[in-house]
Structures are given as C-alpha cells and as structure tokens.
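In order, the protein sequences belong to chains F and V. Converting from the first sequence to our numbering requires adding 44 to each position, the first position being numbered 1. Converting from the second sequence to our numbering requires adding 1 to each position, the first position being numbered 1. Note that CB positions come from ideal geometry on N, CA and C, so glycine has one too. So the structure is just underneath, and the comments pick up after that.
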Amino acid sequence: MPQSRPRYAYRCSDEQASGRPQRHPVIVVGAGPVGLTAALDLAARGLRVVVLDDNDTVSNGSRAICFAKRPLEIWDRLGCAARLIDKGVNWKVGKVFFRDEPVFSFDLLPERGHKMPAMINLQQYYLEEYLVEACAANPAIELRWKHRVTALDTRSAPMTLTVTTPDGSFTLQADWLVACDGANSALRGMVGADLGGQVFNDRFLIADVTMKAGFPPERWFWFDPPFHRGQSVLLHKQADDLWRIDFQLGPHADPVEEKKPENVIPRIRAMLGPAADFELEWVSIYQFACRRIDRFRHGRVLFAGDAAHQVSPFGARGANSGVQDTDNLAWKLALVIRGEAPEALLDSYHDERAPAADDNLLHATRSTDFISPKNDASLVYRNAVLDLARTEAFARGLVNSGRLSTPTPYVDSPLNTPDEKTFEAAMRPGSHCADAPIERAGRPAWLLEQLIEGFTLLVFGAAPTQAGLIDTLAAGPVRPRLLCAGHDFKDSQGLLAARYDGRPGTCYLIRPDQYVAARWRRFDAAKIRAALARALAIAT
Amino acid sequence: MPLIRTPNIPDPDGFYKELMDSQREMDAAQAAAMNARLVLLLANQIGDRATLSEAIRTAAATGRPAGI
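This is the structure in structure tokens:
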C-alpha cells in the first residue's frame with residue numbers, strides 16, 4: 045500500500061506580500077537532495093539561505109536509492125546521517141550473475157575502521173523528508189514551497205529573480221544563486237548554458253515491490269537470466285521491505301504497454317516464482333543520458349546536481365556526485381560572500397567538479413555500454429567476458445554492471461600544493477581525507493568528526509606550542525585550526541598514522557570539505573601560509 | 002613493449018592447424034564467440050597497454066571487407 049508523502053505548507057512570503065524585494069546573499073533553487081544539502085551546508089558555514097521549490101512535496105515514485113560513503117560523510121558533517129543510516133539498508137557486497145551462475149562479486153569497503161558504511165539504500169522520498177526536517181529546524185534556512193523561478197536577470201548585481209507563487213508573481217534579489225533544479229533545469233536555459241553528451245536509446249522498466257523476500261541485502265545484477273532472457277535485471281533492497289527491480293527492455297520497447305501492471309507482474313512472477321507474495325507499488329520506464337553542463341559557474345549562478353550533469357544510474361553516480369558538488373561549493377561560497385576569499389575561488393568549483401563529472405560520465409557510459417552493447421561485435425565481446433568470468437579470474441574484473449560511486453580526487457586542482465617529499469599514503473593533495481578511529485577525552489571518536497569547520501592543520505608528533513602560532517599561519521582573515529594527533533586525541537588503533545603515513549613532524553593542511561590541500565614532513569609556517577593562500581585562490 | 006611483427010611462433014603451420022581444428026565444427030556465431038574469448042585471454046597474457054593498443058590499431062588498419 046503506497047504511503048502518502050508529506051505535503052509542505054505554502055506561505056506567501058513577507059517579501060511578496062509587501063511588494064518590497066529583498067536582497068539575499070544566496071538563494072538555492074530546487075529542494076531535492078542536492079538543493080537541501082546545499083542549504084544545510086551553506087547554513088553550517090554561517091550563511092542565511094532561502095530555498096525555492098516549485099512544488100510542495102518530496103520526490104514521487106522510485107528514484108535515487110543508493111547513497112555512498114562520501115555523501116554519508118557529508119551528511120554526517122551536517123548532522124543528518126544517523127537518521128538515514130537507521131532507516132536505510134546497509135550493504136557493501138554486490139553479486140553479478142550470468143544466466144544462472146555467479147560470475148563476479150565486489151565488496152565496496154573491505155577494510156574496517158570507518159564511521160560511515162560503504163553504501164545505504166534508502167528511498168529518495170525518505171532522504172528528502174529527513175533533509176526537509178533538518179532544514180525546517182534550522183533558523184538560518186527558509187524553505188519556500190510553490191515558488192517557481194520564471195525569469196532571471198543577471199545584467200546587474202544583485203541579480204533579479206522573477207518568481208511565481210499561488211499569489212502571483214514577484215521579484216527578489218540575490219547576490220548568488222545555487223541552481224539545483226534538476227535534469228530539466230530552467231535556470232540552465234536562463235543563463236544560456238549548454239549541455240553536452242549523449243542520450244541512450246535503451247529503455248528500463250523499474251518496479252518497486254513490497255515483499256518479504258529471502259534475498260540478502262546485497263546488490264544483485266543478472267545478465268541474461270532465465271527469467272528475462274537476453275536482457276539484464278538489477279535488484280536492490282530498500283527500507284520498509286520495498287525492493288527495487290530494474291528490467292532492461294531494449295531500445296524497441298513500447299513504454300505505454302510495458303508500464304501496464306498486467307505486463308509488469310508476469311515479469312516479476314517469472315523472477316520470484318509463482319508462489320511469491322508481493323505488491324507492486326510503483327512502475328515507470330526510464331531512459332538515460334550521460335551529459336554535463338559546459339561550465340559549472342555562470343557568473344554568479346552556480347550549478348550543482350542533475351542541473352549540472354546527468355548519468356545513467358549504474359554505479360549510483362547521480363545524486364552521490366550532486367551532493368559532492370555542494371560539499372565542494374558551500375565552503376567556497378561562504379568565504380567569498382564574507383569577503384574572506386576572492387571570487388576567483390569559485391572558478392575552482394568548476395575546475396574541481398567538472399573533471400569529477402567527466403569521470404562519473406566516463407564510468408557510467410562504460411557500464412552502460414557493457415549492459416547495453418551497441419552493436420553485434422560489442423555484444424559478442426560482452427558475452428565473451430561473461431563466459432570467461434565463470435572460470436578465469438582476470439575476466440571477472442572486466443564484468444561491468446556498474447562501477448559504484450567513489451570520490452574523484454582533484455588531481456590537477458589549482459588549489460593543491462604539490463608534495464615536495466615522498467609519502468607512502470594515498471592521501472595526496474586533492475584527495476578526500478580517509479576516516480580513522482580515534483579516542484578523544486577517553487571516548488571513541490572519529491577523525492572526520494574533528495574536521496567539520498574551516499581549515500585544519502593536522503599535525504603528527506610533538507604539538508607546536510609557540511604562542512600566537514595560529515596567527516602566523518593565517519592567509520588574510522582565514523586561519524587553520526590546529527589538531528595534534530597524540531595531543532588533542534589518541535590514534536588509538538594506529539590506523540590514522542597508517543592511512544596518512546603520519547611519521548612525527550608530518551603536517552596535513554585540510555580544507556573545510558575534508559580534502560587535503562597540502563602536506564609536509566615538517567612544520568614550516570611560511571609553507572603552510574602559502575598553501576593556505578593557494579587553497580583560497582589568493583594571488584601571491 | 003613494441004608489438005612483435007617478425008616471426009615469433011615455433012612451428013607456425015602447426016599453430017595455424019591447431020587454431021583451425023579448434024573451430025572446424027563451429028558455425029560462424031560460435032567461432033566469433035570463441036575468437037572474442039581468445040582475444041581476451043591473449044590480451045591478458047600480453048598485459049601491456051601500449052602493445053595492446055598497437056595490436057588493435059594494426060588489426061583495425063589491415064582488415065578487409067567480408068566477401069573479398
């Protein structure tokens with residue numbers, strides 16, 4: 045039985061009622077997962093945020109499901125993750141079958157010692173509902189429902205937005221706009237942005253089915269199973285015993301016919317067996333595209349999420365990368381709005397997130413080509429890989445039913461300061477910080493919980509103790525917090541030192557988004573200052 | 002390492018026969034499937050991306066249309 049989704053009250057804003065447009069430092073357009081996360085992050089960075097959404101409820105139907113470790117770490121930093129993990133289904137193992145035999149399995153988090161799980165499955169409507177509640181409880185965030193942006197004038201600063209509500213149209217002003225208005229973004233059109241990439245012809249049927257099933261909480265993918273010959277099937281467990289089943293239909297499927305329950309139910313019966321007890325909650329047909337916007341920054345309009353990039357779903361790189369967009373953007377935008385960093389810092393949002401989008405597009409496209417071979421030759425090769433995978437270990441790694449979302453390191457970012465010395469650990473500049481279990485004040489804790497505000501200088505070995513030290517590390521008004529391993533907390537299991545090659549004297553300059561900006565083998569105030577300035581795009 | 006284009010197979014006629022014999026009873030689809038598996042197995046044996054790329058380019062450039 046489908047549950048009813050929450051409906052949020054429309055309210056005519058004082059601004060509209062009074063006819064006096066206000067000037068807002070930042071407005072977020074779109075209250076989906078990415079827009080809501082952007083609002084929470086901007087608020088966490090000290091800004092007041094208005095969020096405009098053209099409807100008054102959460103997402104309808106079956107959409108994003110799989111939320112990966114890095115987005116969970118972002119939501120944990122924002123204080124939202126516990127609820128998501130509690131409601132969601134925790135998983136890390138995926139299995140791939142060819143016909144009726146297993147051919148490949150993967151484990152997304154083979155090592156221990158991380159606070160967040162590798163992946164949770166949670167219906168997008170629950171994610172949104174919890175994020176809306178977090179936003180509604182935050183006095184710095186104002187959610188405005190049934191507010192549709194119909195025009196944007198960027199010719200002068202601040203920008204003027206024309207917004208339509210049930211009470212008519214009005215204008216408001218914004219210094220900065222974060223466009224999270226989805227795949228069919230109206231704002232993209234309003235700034236004249238281009239969207240480049242490819243659309244795929246293959247159609248997929250998705251069905252949300254409630255059942256008490258004996259499948260384990262693992263991602264299961266079938267190529268050419270007996271119950272759906274010549275096509276692929278994907279199975280995921282969600283909250284509330286709701287299972288998501290994707291059936292590949294091919295490019296010639298008739299979406300109108302395929303959506304009919306009388307055509308869907310036999311497919312599910314063939315898969316689950318004639319005695320299976322299930323209820324069909326949702327059916328839809330989708331096609332997908334792998335595309336991205338030309339520039340993530342168009343003047344004072346910044347694009348994030350599906351408004352900036354769309355991917356095929358194999359690999360869960362859509363919402364997960366959208367949330368990583370806002371993680372990258374929010375701290376930069378806050379510093380710029382406060383005048384603590386130059387506007388040029390926002391160019392690095394494109395410099396860092398566009399290659400990440402390209403990486404996601406590449407992986408998603410490759411998976412799609414394996415799942416939907418484009419010609420006879422690729423079909424022959426695709427099946428050759430699957431046949432060999434049964435007995436040949438090398439072929440298993442070629443089986444591509446989706447390479448699951450991982451953060452893309454910002455290897456060429458202008459904000460990084462390159463290593464001068466050799467480090468064993470993978471935590472090079474441009475990498476996100478790996479979590480590690482620690483002990484603080486005698487209680488178990490986690491490294492990432494210590495990296496939630498501003499820049500951090502993580503120091504291994506003896507704590508630098510000179511008075512006024514922090515001031516010597518400042519770049520303009522920005523200075524890092526000092527965090528000393530062994531002094532402020534204990535590396536109780538030695539995993540921090542192992543993951544960071546933390547020999548005594550080693551220092552890491554870590555950005556507000558928990559990414560490494562620079563690292564050294566010994567403390568050098570001048571170098572730290574220079575790296576901090578570079579990470580803020582301050583020209584020296 | 003560069004693609005070896007000078008003779009490198011001992012008893013080349015024997016190898017050729019072995020390969021043809023392995024597909025003698027196969028129809029075109031079966032042989033194509035086997036050839037794809039063989040390509041992947043041998044590619045893994047070579048293991049060097051530069052060599053493999055050169056082999057792919059060489060094979061693509063010297064292909065002749067079917068029926069000629």
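Taking residue i as the query, report the chain F residues whose CB atoms sit under 9 Å from its CB, ordered along the chain.
{"i": "residue 41 of chain V", "result": "425, 428, 429, 432, 436, 438, 439 and 442"}
{"i": "residue 34 of chain V", "result": "424, 427, 428 and 431"}
In the DSSP output, what is residue i paired with across the bridge?
{"i": "residue 177 of chain F", "result": "In the DSSP output, where bridge partners are listed per residue, residue 177 of chain F has none listed."}
{"i": "residue 506 of chain F", "result": "According to DSSP, residue 506 of chain F bridges with nothing at all."}
{"i": "residue 242 of chain F", "result": "F/334"}
{"i": "residue 280 of chain F", "result": "F/288"}
{"i": "residue 205 of chain F", "result": "F/196 and F/216"}
{"i": "residue 3 of chain F", "result": "No answer is possible for residue 3 of chain F: it lies beyond the span of chain F, which begins at 45 and ends at 584."}
{"i": "residue 163 of chain F", "result": "F/112 and F/135"}
{"i": "residue 342 of chain F", "result": "F/345"}
{"i": "residue 187 of chain F", "result": "F/95"}
{"i": "residue 559 of chain F", "result": "F/476"}
{"i": "residue 586 of chain F", "result": "Lying before the first or after the last residue shown, residue 586 of chain F is absent from chain F, which here runs from 45 to 584."}
{"i": "residue 294 of chain F", "result": "F/247"}
{"i": "residue 328 of chain F", "result": "F/250"}
If you check the beta carbons only, do residue i and residue j fall under 8 Å apart?
{"i": "residue 118 of chain F", "j": "residue 164 of chain F", "result": "no"}
{"i": "residue 175 of chain F", "j": "residue 377 of chain F", "result": "no"}
{"i": "residue 299 of chain F", "j": "residue 245 of chain F", "result": "no"}
{"i": "residue 206 of chain F", "j": "residue 213 of chain F", "result": "yes"}
{"i": "residue 102 of chain F", "j": "residue 72 of chain F", "result": "no"}
{"i": "residue 366 of chain F", "j": "residue 556 of chain F", "result": "no"}
{"i": "residue 501 of chain F", "j": "residue 481 of chain F", "result": "no"}
{"i": "residue 132 of chain F", "j": "residue 326 of chain F", "result": "no"}
{"i": "residue 120 of chain F", "j": "residue 52 of chain F", "result": "no"}
{"i": "residue 190 of chain F", "j": "residue 54 of chain F", "result": "yes"}
{"i": "residue 473 of chain F", "j": "residue 504 of chain F", "result": "no"}
{"i": "residue 475 of chain F", "j": "residue 411 of chain F", "result": "no"}
{"i": "residue 459 of chain F", "j": "residue 499 of chain F", "result": "no"}
Buried or exposed: where does residue i fall if 16 or more other Cβ atoms within 10 Å of its Cβ makes it buried?
{"i": "residue 9 of chain V", "result": "exposed"}
{"i": "residue 425 of chain F", "result": "buried"}
{"i": "residue 364 of chain F", "result": "buried"}
{"i": "residue 178 of chain F", "result": "buried"}
{"i": "residue 45 of chain F", "result": "Only weak support is given to the placement of residue 45 of chain F: the predicted model assigns it a pLDDT of 44, under 50, and the value that follows is read from those uncertain coordinates. Residue 45 of chain F is exposed by the Cβ-count criterion."}
{"i": "residue 6 of chain V", "result": "exposed"}
{"i": "residue 148 of chain F", "result": "buried"}
{"i": "residue 25 of chain V", "result": "exposed"}
{"i": "residue 173 of chain F", "result": "buried"}
{"i": "residue 483 of chain F", "result": "exposed"}
{"i": "residue 269 of chain F", "result": "buried"}
{"i": "residue 17 of chain V", "result": "exposed"}
{"i": "residue 479 of chain F", "result": "buried"}
{"i": "residue 15 of chain V", "result": "exposed"}
{"i": "residue 23 of chain V", "result": "exposed"}
{"i": "residue 57 of chain V", "result": "exposed"}
{"i": "residue 263 of chain F", "result": "buried"}
{"i": "residue 404 of chain F", "result": "buried"}
{"i": "residue 155 of chain F", "result": "exposed"}
{"i": "residue 570 of chain F", "result": "exposed"}
{"i": "residue 47 of chain V", "result": "exposed"}
{"i": "residue 510 of chain F", "result": "exposed"}
Could you name the residues of chain F that residue i contacts, counting a contact when the two beta carbons are closer than 7 Å?
{"i": "residue 50 of chain V", "result": "By Cβ distance, chain F contributes nothing, its closest Cβ being about 14 Å from residue 50 of chain V, past 7 Å."}
{"i": "residue 45 of chain V", "result": "438"}
Report yes if the C-beta of residue i is less than 7 Å from at least one heavy atom of the ligand ATP; otherwise report no.
{"i": "residue 380 of chain F", "result": "This structure lacks the ligand ATP; in fact it carries no ligand of any kind."}
Could you work out which residues of chain F lie near residue i, taking near to mean beta carbons separated by less than 8 Å?
{"i": "residue 37 of chain V", "result": "424, 425, 427 and 428"}
Contact the segment 107 to 126 of chain F vs the segment 57 to 65 of chain F: 3+ CB pairs below 8 Å: No, they do not touch.
Sufficient close CB pairs (3 or more, under 8 Å) joining the segment 275 to 290 of chain F to the segment 157 to 171 of chain F: In short, these stretches touch, since the Cβ pair count reaches three.
Validate contact between the segment 244 to 259 of chain F and the segment 218 to 229 of chain F using beta carbons, cut 8 Å, 3 pairs: The segment 244 to 259 of chain F is not in contact with the segment 218 to 229 of chain F.
Touch test, the segment 416 to 436 of chain F against the segment 29 to 36 of chain V, Cβ-Cβ under 8 Å, three pairs minimum: With a cut-off of 8 Å, the segment 29 to 36 of chain V and the segment 416 to 436 of chain F count as touching, because enough Cβ pairs lie within range.
Three CB pairs or more closer than 8 Å across the segment 138 to 146 of chain F and the segment 434 to 454 of chain F: Three or more beta-carbon pairs separated by less than 8 Å link the segment 138 to 146 of chain F to the segment 434 to 454 of chain F, which places the two stretches in contact.
Inter-stretch contact (C-beta, 8 Å, three-pair minimum) for the segment 178 to 188 of chain F and the segment 466 to 482 of chain F: The segment 178 to 188 of chain F is not in contact with the segment 466 to 482 of chain F.
The segment 374 to 393 of chain F touching the segment 337 to 349 of chain F, judged by at least three CB pairs closer than 8 Å: As far as the Cβ criterion goes, the segment 374 to 393 of chain F touches the segment 337 to 349 of chain F, which means the pair count is three or higher.
Stretch pair the segment 308 to 317 of chain F + the segment 231 to 245 of chain F: three plus CB contacts closer than 8 Å: No, the segment 308 to 317 of chain F is not in contact with the segment 231 to 245 of chain F.
Contact between the segment 508 to 526 of chain F and the segment 534 to 544 of chain F (3+ Cβ pairs under 8 Å): Taking 8 Å as the limit for Cβ pairs, the verdict is that the segment 534 to 544 of chain F does not touch the segment 508 to 526 of chain F.
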